[in-house]
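Structure first, commentary second.
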Amino acid sequence: MRLFVIAFAGGIWLLQQQAVLPAASWLVATAAGAAVCALLGLALRSRLQELALAGPRSQHTRDSASRRASEIPGRQSPTRRFVASALWVAAGIALGFVWAAGFAHLRLADELPSALESRDIELTGVVADLPQALERGVRFEFDVEQATAGLPPHISLAWYRSRGEADDEASPLIPVRAGERWRFTVRLKRPHGNLNPHGFDYEAWLFERGIRATGYVRPQSAERIDARVWRPGYAVEMLREAVRDRFHAVMPDVTSAPYAGILIALAIGDQHAIDPSLWQTFARTGITHLMSISGLHVTMLAGLAYALVNWLWRRSARLPLRIPAQQAATVGGFLAALLYCLLAGFAVPAQRTLYMLGVVALARLTTREIAGSRVLALALLLVLLLDPWAVLAAGFWLSFGAVALLFHIGSGRLGPAHWLIEWGRAQWAVTLGMLPALLALFQQFSLVSPLANAVAIPLVSFVVAPLALLGSLPLLDPLLLLAHFLTAWLMVFIDWLAGLPLAMWQQAAPPVWSVLLALGGGIWLLLPRGFPARWLGLLAFLPLLTVLPPRPAAGAATINVLDVGQGLAIHVQTTGHDLLFDAGPAFSADADSGNRIIAPYLRAMGVRGLDALVVSHADKDHEGGAASVLAALPVAILKTSLPFEHALSAQPVPHESCRNGDAWSWDGVRFEMLHPGAEALSRKTNDLSCVLRVTAAGQSMLLTSDIEAVSERALLRQHPAQLTAAVMTVPHHGSKTSSTPEFMAAVAARDVVFPVGYRNRFGHPREDVVARYLQSGARLHRTDADGAVRIDLDAAGIGFRHERAERRRYWHAR
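Count along the sequence shown from 1, then add 1; that gives the number in our numbering.
The following block contains the structure:
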């Protein structure tokens with residue numbers, strides 16, 4: 002059974018790697034083949050069991066049977082067992098593949114028709130989850146009940162307030178509540194996210210949640226129809242919202258209760274309630290898993306409920322005669338875990354724990370013993386049957402991996418050790434065993450995690466979380482305040498650990514082979530004492546920690562035009578130097594391209610510092626992420642055309658103005674600043690844009706930022722012979738005020754890159770500009786359609802790679 006479940010999970014994972022879904026006829030044939038393999042495997046296994054149970058009646062018969070088995074090929078029991086296992090594995094992979102493909106076909110059928118994108122659509126439906134406050138509005142999931150034919154049944158909407166409303170105290174911060182029925186006029190678009198090397202796949206996240214369109218509300222026509230829609234799922238969300246409101250009422254002041262969001266996350270799993278600045282602290286100390294609903298918290302609550310029901314049941318003189326106290330306590334513990342999981346939003350870690358507890362409870366009620374590995378396998382099977390896209394979530398692998406490691410170190414032991422030794426062994430196993438996964442998924446791990454968890458796990462799981470849950474009940478406000486007091490003292494210790502210079506290890510994304518090697522080494526190293534040469538497992542970690550990604554050869558350059566939406570961010574890399582040209586847009590007060598896209602990308606690429614950061618001009622879509630980049634890694638020099646009073650001018654980094662005529666060389670690659678000149682200081686912001694020309698291996702690329710026609714004419718006057726480039730970023734994202742025919746002819750680019758956001762509000766690029774480039778014979782590359790665009794300038798010529806083509810999956814927008 003365990004082998005089949007692992008194979009089933011492998012088949013589901015394999016389906017999620019496909020760029021295109023197989024046709025229905027192919028899936029039917031695969032399912033038939035899987036059924037044949039399963040039946041053959043079952044028949045062969047039954048035959049082996051019969052032979053094992055029957056057995057020879059005498060030694061003479063056993064000797065004769067052995068001789069006959071050795072004389073006839075393929076009759077040996079080990080071979081039969083191997084064939085039976087191979088058939089089960091094949092059946093499991095095929096069935097998992099078909100199961101996931103069937104769900105995927107159904108979900109893809111809910112696609113928003115392209116003809117309905119960016120059009121006013123009237124619809125009626127119900128607010129399906131906890132609304133989340135944005136900087137200037139609110140976002141929520143919405144179940145569509147009545148709308149235009151072909152509209153997906155589950156969408157994500159944002160309701161933005163106007164600038165005037167933002168200052169109006171009478172205007173509600175969150176105008177919608179969970180479980181309400183509304184009539185809206187909305188504008189929708191298909192799910193679309195930025196796609197960059199080693200970056201987060203937002204479209205996969207939306208697809209897993211069943212969100213097949215995103216958009217915004219036209220508030221002039223919004224109308225509430227019903228205040229409450231009483232269905233089980235909506236009732237749970239109403240309860241979660243009521244608990245969140247209660248927490249805010251008891252702890253309304255952020256100054257006096259800065260960690261109220263942690264208590265909300267522990268009680269109802271609302272991670273958005275936690276201040277964004279705290280997540281970096283949690284990551285640096287390795288306690289992220291504790292600051293919301295986790296399997297540990299679910300197990301703790303189930304254990305407390307089990308003990309309480311068991312104690313109360315035994316106090317009765319009649320109840321134990323009807324149902325044994327242990328069985329009643331088992332049911333009580335499982336129901337408590339189920340309610341907690343529902344209150345927490347039913348995340349993967351909570352699901353895994355609930356299903357494991359359910360299997361254990363069923364075994365206890367039927368008085369059967371089940372091995373721990375079988376419990377884990379059944380939980381894995383249930384999770385994947387209900388949610389085949391769970392394999393796309395990092396939490397899925399971390400959750401099941403941590404539990405599997407604990408089972409691994411618990412097997413083969415002669416007896417239990419002292420509780421302190423067992424605790425230390427578990428911490429060591431999880432820290433070491435999860436290291437390859439953490440580096441593969443996040444390119445970082447906490448060096449102080451064992452110490453932080455040694456203090457945080459017992460305090461949060463056994464004290465703070467229970468107090469938060471009890472404090473959600475009426476008249477128990479002091480318990481919430483006590484929970485916050487303990488959390489505040491814990492955060493003093495956590496902040497101290499996070500501030501240590503060596504709290505966090507960060508590195509480049511390791512190659513797949515080094516991750517698999519380290520996983521094997523970790524399993525070998527954690528074998529029970531007595532296995533030979535366990536220390537060899539440490540050697541398997543060396544490639545994981547030391548292998549660096551390749552860099553361009555001398556004289557060559559790799560240029561990545563990152564997909565940051567409606568903005569610009571370009572990474573130029575040579576043999577030993579790195580330059581970032583612009584830093585993309587800011588999304589909100591706490592989120593921008595720097596901390597969400599650029600810094601993680603640079604870390605994954607192995608960039609420890611920037612030799613230069615060029616901020617071309619003072620537009621939010623170009624300098625919005627610069628402060629986060631400067632905070633994330635060292636920068637040798639900042640080159641800008643920003644005014645002196647700009648906030649970036651106060652950064653403690655050497656500054657230098659972009660000056661026409663500046664040039665330098667790194668590793669045989671030449672960089673030339675062609676704009677702006679001194680006479681450009683009186684122009685508008687766009688015409689102050691720095692223009693950089695990069696030449697490597699005899700080929701050039703022109704980075705034009707947001708220059709418009711005035712600057713294009715100035716460049717034609719000042720550098721008529723230096724504008725020629727094989728590749729160019731299109732000026733000002735393809736606006737109508739730039740890309741004049743004279744400028745395009747002077748550059749004569751064979752390839753042009755449009756850095757634009759999907760269906761952006763500016764309408765970039767303009768159709769007439771696109772037509773001009775097509776008429777010039779240039780090949781077009783667009784970040785909204787291609788994701789990040791990589792350009793290699795080397796001795797072999799010019800090479801292009803598109804991230805959407807490299808990572809194409811069947812759910813990606815086309």
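No residue lacks a Cβ here, since even glycine has one placed at the ideal position from N, Cα and C. Predicted, not measured: the structure shown is a model, and the values here were computed from it.
Contacting residues, own chain, Cβ-Cβ under 7 Å from residue i (five flanking each side not counted)
{"i": "Gln60", "result": "Since pLDDT at Gln60 reaches only 46, below the 50 mark, its modelled position is unreliable, and the value read off the structure follows with that caveat. Closer than 7 Å at Cβ, skipping near neighbours: no residue."}
{"i": "Thr62", "result": "Residue confidence for Thr62 is low, a pLDDT of 49 falling below 50, so the modelled location carries little weight; the figure read from the coordinates is stated next. Cβ within range, chain order: n/a, list empty."}
{"i": "Ile275", "result": "Gly262, Ile263, Ala266, Met292"}
{"i": "Arg880", "result": "No information on residue 880 is available, as it lies outside the stretch 2 to 815 that the chain covers here."}
{"i": "Gly333", "result": "Ala306, Tyr307, Val310"}
{"i": "Ser119", "result": "Arg188, Lys190, Arg760"}
{"i": "Ser462", "result": "Leu297, His298, Met301"}
{"i": "Ala167", "result": "In this prediction, Ala167 scores a pLDDT of 48, lower than 50, which makes its location untrustworthy; no coordinate-derived value is stated."}
{"i": "Arg247", "result": "Ser473"}
{"i": "Val548", "result": "Pro511, Pro512, Ser515"}
Residue i versus the options, residue with shortest Cα-Cα distance
{"i": "Ile495", "options": "Pro551, Ala727, Ile288", "result": "Ile288"}
{"i": "Trp429", "options": "Leu452, Gln719, Ala228", "result": "Leu452"}
{"i": "Pro586", "options": "His290, Leu131, Glu624, Leu124", "result": "Glu624"}
{"i": "Glu804", "options": "Asn197, Ala747, Gln133, Ala159", "result": "Asn197"}
{"i": "Asp583", "options": "Arg597, Ile175, Arg178, Val562", "result": "Val562"}
{"i": "Thr125", "options": "Val218, Thr547, Leu131", "result": "Val218"}
{"i": "Ser642", "options": "Gln652, Lys621, Ser617, Asp478", "result": "Ser617"}
{"i": "Leu649", "options": "Ser666, Gly566, Ala619", "result": "Ala619"}
{"i": "Phe532", "options": "Ser777, Leu501, Leu471, Ile410", "result": "Ile410"}
{"i": "Gly346", "options": "Leu603, Ala236, Thr215", "result": "Ala236"}
{"i": "Ala362", "options": "Leu339, Leu343, Pro350", "result": "Leu339"}
{"i": "Gln133", "options": "Ser163, Pro176, Ala102", "result": "Pro176"}
{"i": "Gln507", "options": "Ala600, Leu483, Ala466, Phe763", "result": "Ala600"}
{"i": "Arg802", "options": "Tyr811, Ala326, Leu781", "result": "Leu781"}
{"i": "Val692", "options": "Gln652, Leu22, Trp667, Ala726", "result": "Ala726"}
{"i": "Gln328", "options": "Met239, Arg365, Arg319", "result": "Arg365"}
Cβ neighbours of residue i in the same chain (closer than 6 Å, five flanking residues each side left out)
{"i": "Trp525", "result": "Gly538"}
{"i": "Ala35", "result": "Ala92, Ala95, Leu96"}
{"i": "Val670", "result": "Ala558, Thr575, Ala697"}
{"i": "Leu152", "result": "Val145"}
{"i": "Met729", "result": "Leu703, Val748, Ala750, Val753"}
Limits of the beta strand (DSSP E) - the one that residue i falls within
{"i": "Met702", "result": "700–704"}
{"i": "Val565", "result": "That residue, Val565, is in no beta strand (DSSP E); it is neither H nor E in DSSP."}
{"i": "Asp574", "result": "Residue identity check: residue 574 is Gln in the sequence provided, not Asp. 571–574 is the span of the beta strand (DSSP E), which, as asked, contains Gln574."}
{"i": "Met745", "result": "First-last for Met745: 742–748, but that is the alpha helix (DSSP H), not the beta strand (DSSP E)."}
{"i": "Val139", "result": "138–147"}
{"i": "Arg780", "result": "780–783"}
Same chain only: Cβ atoms within 8 Å of residue i, ignoring 5 sequence neighbours per side
{"i": "Ile638", "result": "Asp612, Ala613, Leu614, Val654, Pro655, His656, Glu657"}
{"i": "Pro721", "result": "Ala747"}
{"i": "Asn454", "result": "Gly287, Ile288, Leu291, Gln428"}
{"i": "Gly402", "result": "Gly434, Met435, Ala438"}
{"i": "Arg3", "result": "Ser374, Arg375, Ala378"}
N-terminal and C-terminal residue of the alpha helix (DSSP H) that residue i is part of
{"i": "Phe208", "result": "203–209"}
{"i": "Tyr341", "result": "326–344"}
{"i": "Met674", "result": "Premise fails: Met674 lies in the beta strand (DSSP E), 670–676, not in any alpha helix (DSSP H)."}
{"i": "Ala557", "result": "No alpha helix (DSSP H) holds Ala557; DSSP gives it neither H nor E."}
{"i": "Arg809", "result": "Segment: none, Arg809 is in no alpha helix (DSSP H) and carries neither H nor E."}
{"i": "Glu181", "result": "No alpha helix (DSSP H) holds Glu181; DSSP gives it neither H nor E."}
{"i": "Arg773", "result": "768–776"}
{"i": "Arg718", "result": "710–719"}
{"i": "Gly11", "result": "3–16"}
{"i": "Arg604", "result": "600–605"}
{"i": "Ser629", "result": "627–633"}
For residue i: DSSP bridge partner residues
{"i": "Asn661", "result": "Answer is none; Asn661 lacks a bridge partner."}
{"i": "His803", "result": "Val790"}
{"i": "Asp593", "result": "Ala587"}
{"i": "Ala697", "result": "Gln700"}
{"i": "Asp620", "result": "None, per the DSSP bridge assignment."}
{"i": "Met729", "result": "Leu703, Val753"}
{"i": "Glu123", "result": "Thr186"}
{"i": "Arg118", "result": "Reading the sequence as shown, one finds Glu at residue 118 and not Arg. According to DSSP, Glu118 bridges with Leu189."}
{"i": "Gln133", "result": "Arg140"}
Any chance you could list the beta strand (DSSP E) runs of at least 3 consecutive residues sitting entirely within the segment 221–297, in chain order? Listed in chain order, they are 224–227.
Can you list, in chain order, the stretches of the alpha helix (DSSP H) that have 4 or more residues and sit fully within the segment 478–548? Taking only runs of at least 4 residues, the alpha helix (DSSP H) segments lying wholly in the segment 478–548 are 478–499, 513–526, 537–540, 543–547.
Entirely enclosed beta strand (DSSP E) segments - the segment 374–453, minimum 3 residues: If we require 3 residues or more, the beta strand (DSSP E) runs fully inside the segment 374–453 come out as 445–447.
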